[in-house]
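Each number in my numbering corresponds to the 1-based position in the sequence shown with 499 added.
We treat Cβ as the ideally placed atom computed from N, Cα and C, and that holds for glycine.
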Amino acid sequence: RPRVTKGDFEKDPFNYVTIPAVSRKLHVKLLQNLQSAEEIAEICKYNFVSGSGQYGIICNGVSYNYAADAIKDLKIEKQVSILRIGFSHPMPEKMIKDFLKSCDKVLVIEEGEPYMEEAVKAFAQEEKLTLPICGKGEKLFSRLYEFDPALVRKIIAEYFMVSHRGLPLLDLSDVPEVPQRPPNLCAGCSHRATYYAVKKAAEGMATIYPSDIGCYTLGVLPPLSMADFLICMGSSVGTSCGFSKVTDKKVISFIGDSTFFHSGITGLVNAVFNNHNFTLVILDNGTTAMTGHQPNPGVDMQALNLSGYGRVSIENVVRGIGVEHVTVIKPFNIKKSIPAIREALDFKGVSVIISQEICMLYAKSLKKLKGNRFQVTDKCKNHRNCIADFGCPAFYVKDGRVNINPDLCTGCSVCAQICPEQAIRVQSSK
């Protein structure tokens with residue numbers, strides 16, 4: 500049923516319009532809210548102390564589970580008390596100070612930056628407490644990466660000078676090695692076809708490939724290797740402006756349809772205004788694929804049986820901004836795509852290529868995936884261009900020969916187009 504949202508708005512401009520005079524007043528309100536939040540933190544059920552020993556551990560998140568297991572393994576439950584912080588901003592100051600007063604020494608366990616540790620040390624200084632408080636540092640916890648139970652157990656034992664023997668290692672000598680599974684663009688992904696076509700069109704050029712955030716960021720991996728720079732959503736367009744201004748290399752940037760709507764349009768406006776010289780490839784797969792196929796303004800909502808929505812054409816937006824050279828390609832047609840891309844690359848100024856092909860997973864969910872499956876025939880001379888240049892995960896090698904997994908093949912046909920022996924054909928229905 501349609502979702503109904505009904506509300507009201509009461510005018511109060513001197514609370515809601517944040518001109519400087521209002522902001523000064525709201526700063527007072529903000530501090531009052533923080534004070535109220537601190538009072539809540541003091542009684543919050545997610546902040547609690549377990550145990551009553553003289554050794555203190557202050558931790559949060561999964562570190563609490565690791566610490567609780569560790570003190571049981573080390574049989575020091577009676578010697579250790581744990582303060583678990585679940586409501587951490589603002590910190591429960593009184594609770595922490597009372598906890599510190601009950602301890603001889605304290606270990607702070609938190610992944611990442613020493614946010615809690617620095618606050619705890621400040622509270623101790625305010626109370627003129629001199630007990631040792633440690634967390635990050637040499638021979639203690641790192642600011643990098645994640646912790647694990649063995650690491651937490653080891654450091655707790657060493658810090659509190661408890662006899663400790665590591666758990667026996669399992670003998671895995673007879674266990675098969677787990678195959679590596681690096682992230683990869685799906686079999687039949689239109690982004691792979693676009694990258695391949697752009698790479699072929701740009702052969703012989705010195706290029707820079709700014710990228711953006713989405714499935715297509717995986718183009719950074721070989722054999723495509725089509726991403727050189729990324730900092731945030733929309734950065735592909737903005738950084739292309741800079742690269743094209745200060746280098747003599749051909750700048751070819753990539754952005755998805757959803758990211759373009761989110762934060763790519765303003766950068767393209769700037770590029771047109773300043774007459775920068777680069778090519779922007781908009782990878783329009785008709786959905787927000789990376790995060791679960793949420794719609795964006797360019798999606799046909801009627802295909803989802805949802806009414807009451809408009810639809811924004813990326814091509815119309817790009818032309819409306821003032822981009823003079825706009826090309827729309829179907830990336831699964833490699834023969835037509837490469838010369839069209841090359842023409843856009845040769846254009847002096849801002850050119851945009853819109854690569855339109857629905858996401859394979861999205862098409863499957865809409866029951867629109869109807870391509871024929873392909874197979875490698877006896878004509879194959881085992882050059883492996885399909886693997887070395889294209890890298891579709893539907894390919895695998897068995898007994899020294901290339902094969903296609905029919906359960907993964909979506910029938911995009913790109914591999915058949917790029918095979919030099921034309922050895923890849925539609926799978927027989929027999």
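Check	Outcome
Rounded to whole angstroms, what's the CA-CA distance from L530 to R502? Just pull it up for me.	37 Å
Our contact map puts F873 next to S927 with C-beta atoms below 8 Å; I'd like the distance itself, whole angstroms only.	Actually they do not touch by this definition, with Cβ atoms about 11 Å apart.
When burial is assigned at 16 or more other CB atoms within 10 Å of the CB, is D673 buried or exposed?	exposed
At the level of alpha carbons, what is the spacing between Q934 and L907?	Given that the chain is displayed from residue 500 to residue 929, the structure contains no residue 934 and the question cannot be resolved.
With 16 as the cutoff for other CB atoms within 10 Å, does Y554 come out buried or exposed?	buried
For the 8 Å Cβ check, are there 3 or more pairs between the region 885–895 and the region 690–710?	yes
Quick one, which of I853, S854 and L868 has its alpha-carbon nearest L860's?	L868
Would you list the one or two residues that DSSP bridges to Q793?	T787
Under 8 Å: do the region 572–590 and the region 626–633 share three or more Cβ pairs, one atom per stretch?	no
Could you tell me which of Q793, E814 and S812 sits nearest to L805, measuring between CA atoms?	Q793
Evaluate contact between the region 560–567 and the region 504–516, counting only Cβ atoms and requiring at least three cross-stretch pairs below 8 Å.	no
Look at the Cβ atom of Q855, then the Cβ atom of D747, and state whether they are nearer than 8 Å.	no
V507 to V811, Cα distance in whole Å?	For the sequence presented, residue 507 should be read as Asp rather than Val. Answer to the nearest angstrom: the Cα atoms are 29 Å apart.
Report yes if the C-beta distance between A726 and I840 is below 8 Å; otherwise report no.	no
Tell me which same chain residues have a C-beta within less than 8 Å of the C-beta of C602, skipping the five on either side of it?	Q553, Y554, G555, S580 and L630
Which runs of the beta strand (DSSP E) spanning at least 3 residues fall entirely within the region 523–566, listed in chain order?	547–549 and 554–559
Quick one, which of V750, L779 and I837 has its alpha-carbon nearest T706's?	V750
Does N881 pass the burial test, meaning 16 or more other C-beta atoms within 10 Å, or should it be called exposed?	exposed
Report the three-state DSSP secondary structure of H882 (helix, strand or coil).	coil
Can you give the Cα-Cα distance for S752 and C685, rounded to whole angstroms?	21 Å
With distances taken from CA atoms, which of D511, C714, S587 and C879 is nearest E538?	S587
Sort F659, K698 and I542 by Cα distance to L844 and report the nearest one.	K698
For C740, which three-state DSSP category applies?	helix
Which residues in the same chain have their Cβ closer than 8 Å to the Cβ of I441, if we skip the five residues on either side of it in sequence?	Residue 441 is absent from the structure shown; the chain starts at 500 and stops at 929.
Could you give the uninterrupted runs of the beta strand (DSSP E) lying entirely in the region 708–783, keeping only those of 3 residues or more?	749–755 and 777–783
Can you tell me whether DSSP reads N902 as helix, strand or coil?	strand
Starting from F873, trace the beta strand (DSSP E) both ways and give me its first and last residue.	F873 to V875
Give the straight-line distance between the Cα atoms of G763 and G821, rounded to the nearest whole angstrom.	15 Å
Drop a sphere of 10 angstroms on the beta-carbon of G665, count the other beta-carbons inside from all chains shown, and report buried for 16 or more, exposed for fewer.	exposed
Between which two residues does the alpha helix (DSSP H) containing V817 stretch?	I813 to I820
What did DSSP end up calling L940 once you bin it into helix, strand or coil?	With the chain covering 500 to 929 only, the question about residue 940 has no answer from this structure.
So, with DSSP's three-state summary, where would you put S806?	coil
Per the DSSP calculation, S672 is bridged to which residue(s)?	Paired residues: none, contrary to the question.
DSSP three-state call for L844: helix, strand or coil?	helix
Using CA coordinates, which residue listed in S549, M660, M704 and I655 is at the minimum distance from F598?	S549
Less than 8 Å between C-beta atoms, sequence neighbours within five positions excluded: which residues of the same chain meet that for N774?	G848 and V849
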